[in-house]
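To start, the structure under review is shown below, and the notes come after it.
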Amino acid sequence: MEQQYSPSGTVASAPSLSFKGSGSSYFGILIVNMLLSVVTLGFYYPWARAARLRYLYSSTEMEGSRFAWNGTGKEMFIGFLKALGILLVIGLLVGLFAWMKVPFLGVLVYLAAIVFVVPVAIHGANRYHWSRTTWRGIRFGYRGNRNEFVKLFIKEMLLTIVTLGFYGSWMLMNIRNYVVSNIRFGSGEFLYEGDGWEYFKINLKGYFLTIITLGIYSFWWQADIFRYSIDHTRLLHGDKVFNFRSTASGSAFAGLLILNALLLIFTLGIGYAWVQTRTIKFLMENVEIEGNIALDELAQTEEEYKNATGEDLADMLDLSII
Amino acid sequence: MFTGQFYNHQVAKSTTITVLIVEAGLLLQVPGAEEGVIQPVYWLFADMQPDLVDRSFIRIIHRGADAGTLEVNDPAFVKTFLQYYKPSRITRLEQLVVRGGLKWSLGIVLVMIALLLVGNFVVLPWCAGIAAERLPHSFDRQLGEMARNSNPEPVDTAASALLTAFARQIQWDTRDTLTFVVSRRDIENAYALPGGYMVVYTGLLKKLKTPEQLAALLSHEVAHVTCRHSIRALCSNMSSMLLINLIFSGGGTLTGQLFSNAASLNSLRYSRKYEEQADLTGLATLRENHINQQGMLALMEALQQLDHQHHIPEFISTHPLTDHRVRYVQQQIAEHPATAMQHPAMATLFQQLKEASR
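Protein chains in written order, with the UniProt record's numbering: chain A, 1 to 322; chain B, 1 to 358.
Written out as structure tokens, the structure reads:
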């Protein structure tokens, strides 16, 4: 920990993030997961996921202490069954209406399911995911309100549909502002201040330059998107603050992603474990934290939340959480 | 004596403490509530939940009144701790692998490969066999009709009538209704569709010299139908696809791709096994009808001449290499000698067929 005393007398610190995991250990975990998934005809999946997350979190270090993932396969299995039930009911309804020769109603059910299930899944996933993440025994948490979030999501979704997708950047920023700003790190509060117009400009520039450069610019576009998600995040604790900053450049992203692709191709996919550990290491090493929060003072404030239904729904629907 | 980091679950304060591994538990020297006071705390193995992350890092969570987390980043501690803490309590297989390192991972890979091989070559063919038995005969006919409609052949009606009359001279032991068709194309081949639809190309008819050769050819093709080879191959292909999807769903699509190609090679191996079965069953048909079994050998010699023009290696060809086929057919004939009779009706029909297909 580098400590400097700023002129005003408050302690400035810059805790470092790093990833200590190794590809070969992670490979061992993935291969065991694969074996047990085959033997159990896929039912091991929730436990496999728990083992994977446990290793990745426990290998990530901040300020000399590791993060921890406390979720269990059992919790995620129960959530998995509930999520499966929800999707099954939706599927049955759609099928039933098709069979009754009123596919119009089926489509309606389908759309309603997307509009309601997706935000509920995102909400539930955040509640579970953050509650099961700890650092030095202090739980993270998500304080978002479900009804509020569903309303926000539906409004943003409708605006995106009406504008034929052009509103997408604003939608993403407004949702991220809501979600990240409701994440707690013990008594610390995250804050995200993204602006739809700025994000739209990044994507517009990225899109056209990628086409003009025949794809080469995509790495710089990726770096811009990553920087936008990191640099507008802050952690507040009382009147103190931590600012986050990305140091990942487009060329560094190019190096990472090209080598990853080669690694995957030449090992016929076996290199997947190394690809993932390399990527996490890269991302962690390229986030700088700076500010005057004393991490020692973060207190336990968040409750435990063990319902993994949202987490599993989000996983099944392939939604990324933030 | 080891050092570790202690967290009290109240604030994110990291305290360096000393840890002693003792009988049935750990002794921690934890600072007390008052500044400067050191308090020894005893954690029972039974009350703790260790999480082995890798060979040098372990996290131990203690629940209850004095809840807390201990993290030790020291391979020596991990090793000693695991000796005292009953390894059987660590039930998660992936933790064993983390402890054992790459050797264990590779061991698991070998187990996986063994399971895969057993699954693919023993369990799946068995399941596919059962599935094929369960499928009704009407399914064969439907499948045959589908194949016929998707690939219609130009039918020579006159020659087909002669071939049907020829085939009627032979007693077929089958539940299927057999249909024999001559197709006027210059291809040296014949095939049978499930359900009993047999096609012989004029290209092949031209190469046949005796009625026994033709009888052998037909009995070989009919054997494919009666043994339901297409249905079996289809079932085993489908079950292989299921296994592949089970293993490679999600990550590593590239490997999945590779394995699905391997699956088609495997089904070729099946086909060769089926060809052998068809040859042997065909021989039995010839014996029962008192047709000279040498006809099968003569047929193979005719086919062998064709093979020499193409030079297809055995591994990638669906038919077993004809030399190999000749050997087991000769052996089979020697083991089951049978009397052969003259079949003047067959000889006449064969001559007419030869003329018609010219």
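Quick reminder that beta carbons are idealized off the backbone N, C-alpha and C, glycines included.
Inter-residue CB distance, residue i and residue j (contact presumed, cutoff 8 Å)
i	j	result
Asn292 of chain B	Ile170 of chain B	That belief does not hold up - the Cβ atoms of Asn292 of chain B and Ile170 of chain B are roughly 13 Å apart, past 8 Å.
Phe80 of chain A	Met284 of chain A	So it is not a contact: roughly 29 Å between Cβ atoms.
Ser59 of chain A	Val53 of chain B	7 Å
Thr226 of chain B	Thr174 of chain B	5 Å
Arg59 of chain B	Glu71 of chain B	5 Å
Ile183 of chain A	Leu152 of chain A	At roughly 16 Å, the Cβ-Cβ gap does not stay under 8 Å, so Ile183 of chain A and Leu152 of chain A are not in contact.
Arg234 of chain A	Phe226 of chain A	In fact, because the Cβ distance is near 17 Å, the residues do not count as touching under 8 Å.
Met296 of chain B	Leu283 of chain B	6 Å
Gln213 of chain B	Ala334 of chain B	The pair is not a contact, with the Cβ atoms about 20 Å apart (cut-off 8 Å).
Tyr305 of chain A	Arg127 of chain A	5 Å
Ala48 of chain A	Leu319 of chain A	Their Cβ separation, rounded to whole angstroms, is 19 Å, which puts Ala48 of chain A and Leu319 of chain A out of contact at 8 Å.
Distance CB(residue i)-CB(residue j) smaller than 9 Å
i	j	result
Thr69 of chain B	Ala68 of chain A	yes
Ala190 of chain B	Val200 of chain B	yes
Gly25 of chain B	Phe77 of chain B	no
Met62 of chain A	Trp135 of chain A	yes
Gln10 of chain B	Ala294 of chain A	no
Gly186 of chain A	Ile114 of chain A	no
His129 of chain A	Glu193 of chain A	no
Ile78 of chain A	Val117 of chain A	no
Leu159 of chain A	Trp170 of chain A	yes
Leu353 of chain B	Leu204 of chain B	no
Arg134 of chain B	Pro154 of chain B	no
Ala165 of chain B	Leu349 of chain B	yes
Tyr328 of chain B	Glu276 of chain B	yes
Trp221 of chain A	Lys205 of chain A	yes
Arg278 of chain A	Asn292 of chain A	no
Leu236 of chain A	Gly188 of chain A	yes
Ala314 of chain A	Ser24 of chain A	no
Gly21 of chain A	Leu53 of chain A	no
Ser230 of chain B	Pro125 of chain B	no
Ala14 of chain A	Glu311 of chain A	no
Leu193 of chain B	Gly144 of chain B	yes
Gly71 of chain A	Ala50 of chain A	yes
His220 of chain B	Thr177 of chain B	no
Tyr7 of chain B	Leu27 of chain B	no
Gly106 of chain A	Val94 of chain A	yes
Leu110 of chain B	Arg99 of chain B	no
Ala356 of chain B	Ala147 of chain B	no
Val38 of chain A	Leu115 of chain B	yes
Tyr167 of chain A	Phe149 of chain A	no
Asn286 of chain A	Ala252 of chain A	yes
Per-residue burial, residue i [other beta carbons within 10 Å of its own, 16 or more giving buried]
i	result
Lys281 of chain A	buried
Pro119 of chain A	buried
Met1 of chain B	exposed
Gln95 of chain B	buried
Phe43 of chain A	exposed
Tyr228 of chain A	buried
His336 of chain B	exposed
Ser246 of chain A	buried
Val102 of chain A	exposed
His343 of chain B	buried
Trp99 of chain A	exposed
Phe266 of chain A	exposed
Ile108 of chain B	buried
Asp156 of chain B	buried
Leu96 of chain A	exposed
Gly64 of chain B	exposed
Residue interval of the alpha helix (DSSP H) (run including residue i)
i	result
residue 385 of chain B	In this structure chain B extends from 1 to 358, so residue 385 of chain B is not present and cannot be described.
Leu353 of chain B	Pro344 to Ala356
Val109 of chain B	Leu102 to Val118
Ser229 of chain A	Ser218 to Asp231
Span of the beta strand (DSSP E) around residue i
i	result
Tyr199 of chain A	Tyr199 of chain A -> not in any beta strand (DSSP E); alpha helix (DSSP H) instead, spanning Gly196 to Ile212.
Asn73 of chain B	Gly68 to Asn73
Ile38 of chain B	Ile38 to Leu44
Thr309 of chain A	Here Thr309 of chain A belongs to no beta strand (DSSP E); instead the alpha helix (DSSP H) covers Thr309 to Met316.
Gly4 of chain B	Phe2 to Tyr7
Arg59 of chain B	Phe57 to His62
Pro31 of chain B	Gly25 to Pro31
Residue i: contacting residues in chain E (beta-carbon distance under 9 Å)
i	result
Leu36 of chain A	The structure shown has no chain E; the protein chains it does contain are A and B.
Can you check the region 126-190 of chain A for any alpha helix (DSSP H) of at least 4 residues that lies completely inside it and give the ranges in chain order? 146-162 and 168-181
Suppose only complete runs of 4+ residues qualify. What are the alpha helix (DSSP H) ranges in the region 146-221 of chain B, listed by chain order? 157-168 and 202-207
3-residue-minimum beta strand (DSSP E) runs that sit fully inside the region 264-294 of chain A, ordered along the chain: 287-291
What ranges does the beta strand (DSSP E) occupy inside the region 54-131 of chain A, keeping only unbroken runs of at least 3 residues that lie completely in it? 60-62 and 65-69
Ordered list of alpha helix (DSSP H) runs contained in the region 8-40 of chain A, each at least 4 residues: 23-39
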